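Just so you know, the sequences run in chain order A and B. First residue of the first sequence: 288, per my numbering; consecutive thereafter. First residue of the second sequence: 812, per my numbering; consecutive thereafter.
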Amino acid sequence: MENKQDMNRRTFLKRLGAGVAWAVALEGCTPKRTATPAGGTLPQGEIPTDRMTYRVNPKTGEKVSLLGYGCMRWPTLEDGNAKEETGGIDQEMVNRLVDKAIAHGVNYFDTSPAYCKGFSERATGIALKRHPRDRYFIATKLSNFAPSTWSREASLAMYHNSFKELQVDYIDYLLLHAVGMGNDGMEALHARYLDNGMLDFLLKEREAGRIRNLGFSYHGDIKVFDYLLSQHDRYRWDFVQIQLNYLDWRHAKEINPRNTNAEYLYGELAKRGIPAVIMEPLLGGRLSKVHDHIVARLKQREPGRSVASWAFRYAGTHPDVLTVLSGMTYMEHLEDNLRSFCPLQPLTEEEVRFLYDTADLMMQYPTIPCNDCKYCMPCPYGLDIPGVLLHYNKCVNEGNVPEDRQAENYREARRAFLVGYDRSVPRLRQADHCIGCNQCVSHCPQGIDIPKEMQRIDRFVEHLKQGTL
Amino acid sequence: MLRRIRIVLGSLCLLLLTGLFLDFTGTLHVWFGWLAKIQLLPALLALQVGVVLTLVALTLLCGRVYCSVICPLGVFQDVVSWLIGRRKRAAARFSWSPAKSWIRYGVLAVFVLALLAGVGSVVALLAPYSAFGRMVSHLLAPIYGWGNNLLAVSAERAGSYAFYEQEVWLKSLPTFLIAVVTLVALVVLAGRNGRTYCNTVCPVGTVLGVLSRFSLLRPVIDTAKCNSCTLCSRRCKASCIDARNHRIDYSRCVACMDCVAACKHGAITYTWRRPSVKAVAAEKAAPADAARRNFLVGAGVLLGTAAVRAQEKKVDGGLAVLLDKQVPHRHTPIVPPGAQSLRNMAAHCTGCQLCVSVCPNQVLRPSGGLATLMQPESSYERGYCRPECTKCSEVCPTGAIRPLSKADKSSVQIGHAVWLKENCVPLTDGVECGNCARHCPTGAITMVPSKAADDGSPRIPVVNTERCIGCGACEHLCPARPFSAIYVEGHENHRMV
């Protein structure tokens, strides 16, 4: 009897235990499971093809997609497969990217004779030729890199060559490329576009209809921007391309005194009713490759959205923006951006304030404002300048730039920095080979004092290697 | 049992020593660096009296166990012989042969003379540890390096920093070819007759052989039990057992214990010497071994071969093409800090390539010079002698590169920089430079206007040779290619500055 009771109790306990386990398991199952995370976007979900947000060009009345395709960062093939006549561009991939973009309503493609070692126009032209001409707008530029191209003859040749490369007989949007750059922006403007009569020529081309919209892209010296706008009555700018993002809105001048806050640039354009085309909305990825703390902060607000989407929605939220350019190298970038613009869900005032606070936080991290545009390349002494700067920024954002040997993670950080350095940049192209010839400085749209930064990074590397930090 | 112990210990030594040549991270050296330093010849050259005496005592006590356990080349030959024996299914393929004494002592004499005369190339050719080092560092290390690079690529994909890429390059063609010849010769010799090299060529083997004649412990044949089946003789890779006469040549016996294990009647035991057993006198010498002659002739031909450096081609799309730097003609070769002088290097270095293998900056490479063949020398095309590194001095087993602290290293003058006006970029390209001055660890370079009267003239470097230590930072980082505008001339004698 006693024995039996004992058995009963044991059985009872067993059953009780099993019951509890069941209950727990059931409880665990109760919330609904979905295949994809809830929130603003569904990473695995289909992107709608008919929801693109468009803005209207006030002059022509045409509808321009708010997401524009920047053709400065086309994907390239591995060294072995790259062909010289295509500049190493992966044309097959370019075609697929363009097809996908057009299928989802993107209709603005921005290129230049200088991009991708001079092969961007050709690649863009090949991809677009496969679509009806009225499905897309082409923007290209009269570029201004080497003074040898500044003569009237060379400029005309460059202009006519764009038609050939792009396989078109009219250009929708033509820009004077990057006015305001160089040591003396006004002098460069005169030498490049005014004194040789090129701007007058372009105005005539606009009258003739071969250029449908004329504008300029601006970096650097504010005098040039103000001057060109002051001449608006004479030139009738149809659009102006400026750098705008939530960091540069109020911090551009702080990052580099040569630059001007986007708040001012945008305000001046809005005042005159000139549509703004936005470049560097993501700062070449610097607003997506941010410090872990910033990632956490943005993700916490919108777990379903990418870090980059904040920057694109920010740029698109401004009403006088015609299109926001993004140089999408990878299909994933394109898809992510399409999700941000199909349709655009504008930021609320509170969200904009949140981004400005985020920008203030970002300013605490000493990254170098390189957007990997490669205007500085090729360095005549073989350096991979963007490679060095991007590696440095990566390490800053990952907390691998220790301040001294007492830093908590010194050993791991040192290894990550040095091993990663050799991986990202071949030794012969690292910062220690910078001789300070200064030839790159005038090419940098962000006004980075490249030799100074190279030597600073080199000193840091030396300290790490020698263990004298 | 004894044989098993020998095999385990020998394999361990071989593996670890090989590791020393392959491991570029320096981890293994911390724990097992001493293995290189107990090699007899290096220890002798480093005047490590304790090590040498211990090895002598060991040989007098146990016979040539050194050759069977500690010497990596010996164990390597055993491995080759064993593998070939397995393939041929003929473990018992050896036979007794008389000692070729005149070659043994002839080679030893040449070797000693070369040592005394400081002809490092001959020393390096003959010394067993050097032969091993050169095979591993020039034949195996590249494969290891490529394997590592493969891992580095996967690690990079996985975002791990556990592996990092290593440069694999042909450091010296003559040395590489000699390494190939060494390998082929050794494999052929070991495959055919086991320890032929050790008992006819190897000078260390000869010296130890003299000692081991008098060793206290030795394999002894008990004639009462022996039925003269000659199995021991056929298993003896040293060919030193004359089974018919029940005699063993103890000068050639490497105490491998194969015979002890092989004898089915327990007639051979490793035991204390008996007064009655007399050392067998060397038999008549046989004519010169053809393999050895071929080896030496081959090596001699190679001495004249010019050094052809590997050209690597790395053309990147958007990057300026960089010409590879070329080795400038240096009047005096540069040897690393710690070497003290060219003479000290020549007198002590056995050309084992250990320093060349561990140099993390790709500075050291084997010399192609006739007298200094395979001994290390510095050049700065791929990197320079960095201030925080003293690796070569830490690993050198022979005292050719003496240990020195990092502080001392940066104040030893191993050479001085020489400026070549014709190549200097401020003058040729009209741009500012000063990269040499910026990177000089001792501040020996100052940038001055090229025209004394004109402050605005292009600035050129001037070298204070008293402060220059010859580290090569300026030469390596000079933008002029393929020949730098500033290069280092070596000094015969190093001095503190």
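We treat Cβ as the ideally placed atom computed from N, Cα and C, and that holds for glycine. Note that this is a predicted model, so its numbers are computed, not measured.
Where the beta strand (DSSP E) through residue i begins and ends
i                      : result
residue 413 (chain A)  : No beta strand (DSSP E) holds residue 413 (chain A); the alpha helix (DSSP H) holding it covers 407 to 416.
residue 333 (chain A)  : That residue, residue 333 (chain A), is in no beta strand (DSSP E); it is neither H nor E in DSSP.
residue 563 (chain A)  : 563 to 566
residue 1265 (chain B) : 1265 to 1274
CB contact check: residue i to chain B, cutoff 8 Å
i                     : result
residue 722 (chain A) : yes
residue 709 (chain A) : yes
residue 660 (chain A) : no
residue 316 (chain A) : Confidence at residue 316 (chain A) is low in this model, with a pLDDT of 47, below 50, so the placement of that residue is unreliable and no value is reported for it.
residue 495 (chain A) : no
residue 739 (chain A) : no
residue 448 (chain A) : no
residue 667 (chain A) : yes
residue 595 (chain A) : no
residue 360 (chain A) : no
residue 726 (chain A) : yes
residue 706 (chain A) : yes
residue 664 (chain A) : yes
residue 715 (chain A) : yes
residue 451 (chain A) : no
residue 681 (chain A) : no
residue 702 (chain A) : yes
CB contact flag (residue i, residue j, <8 Å)
i                      : j                      : result
residue 1048 (chain B) : residue 1077 (chain B) : no
residue 885 (chain B)  : residue 1064 (chain B) : no
residue 1175 (chain B) : residue 1200 (chain B) : no
residue 347 (chain A)  : residue 499 (chain A)  : yes
residue 1245 (chain B) : residue 469 (chain A)  : no
residue 854 (chain B)  : residue 863 (chain B)  : yes
residue 1212 (chain B) : residue 1162 (chain B) : no
residue 507 (chain A)  : residue 472 (chain A)  : yes
residue 846 (chain B)  : residue 828 (chain B)  : yes
residue 572 (chain A)  : residue 357 (chain A)  : no
residue 425 (chain A)  : residue 455 (chain A)  : yes
residue 1229 (chain B) : residue 1066 (chain B) : no
residue 732 (chain A)  : residue 660 (chain A)  : yes
residue 400 (chain A)  : residue 359 (chain A)  : no
residue 948 (chain B)  : residue 1167 (chain B) : yes
residue 1028 (chain B) : residue 1061 (chain B) : no
Minimum Cβ-Cβ distance from residue i to chain A less than 8 Å
i                      : result
residue 1231 (chain B) : no
residue 1205 (chain B) : no
residue 1296 (chain B) : no
residue 1259 (chain B) : no
residue 900 (chain B)  : no
residue 1131 (chain B) : yes
residue 1288 (chain B) : yes
residue 975 (chain B)  : yes
residue 1198 (chain B) : yes
For residue i, the first and last residue of its enclosing alpha helix (DSSP H)
i                     : result
residue 551 (chain A) : 549 to 559
residue 620 (chain A) : 618 to 628
residue 485 (chain A) : 485 to 495
Helix, strand or coil at residue i according to DSSP, with G and I counted as helix
i                      : result
residue 423 (chain A)  : coil
residue 985 (chain B)  : helix
residue 313 (chain A)  : Bear in mind that a pLDDT of 46 at residue 313 (chain A), under 50, signals an unreliable position, so the number given afterwards is only what the model happens to contain. In the structure shown, residue 313 (chain A) sits in a helix (DSSP, three-state: H, G or I).
residue 700 (chain A)  : helix
residue 468 (chain A)  : coil
residue 652 (chain A)  : coil
residue 1299 (chain B) : strand
residue 1025 (chain B) : coil
residue 733 (chain A)  : coil
residue 349 (chain A)  : coil
Requested in this report: Check each residue of the stretch 372 to 405 of chain A: if its Cβ is closer than 8 Å to any Cβ of chain B, include it; give the result in chain order.
Outcome: 374, 375, 404
Query - Positions along the stretch 1236 to 1250 of chain B whose CB lies within less than 8 Å of some CB in chain A - result: Along the stretch 1236 to 1250 of chain B, going in chain order, the ones with a CB nearer than 8 Å to a CB of chain A are 1236, 1240, 1242, 1243, 1244, 1245, 1246, 1249, 1250.
Query raised in the report: What are the residues of the stretch 685 to 699 of chain A that lie near chain B, defined by any Cβ-Cβ distance shorter than 9 Å?
Result: 699
Query raised in the report: For the stretch 950 to 982 of chain B, which residues have a CB atom closer than 7 Å to at least one CB atom of chain A, in sequence order?
Result: Under the 7 Å Cβ criterion, the stretch 950 to 982 of chain B contributes 967, 972, 975, 976.
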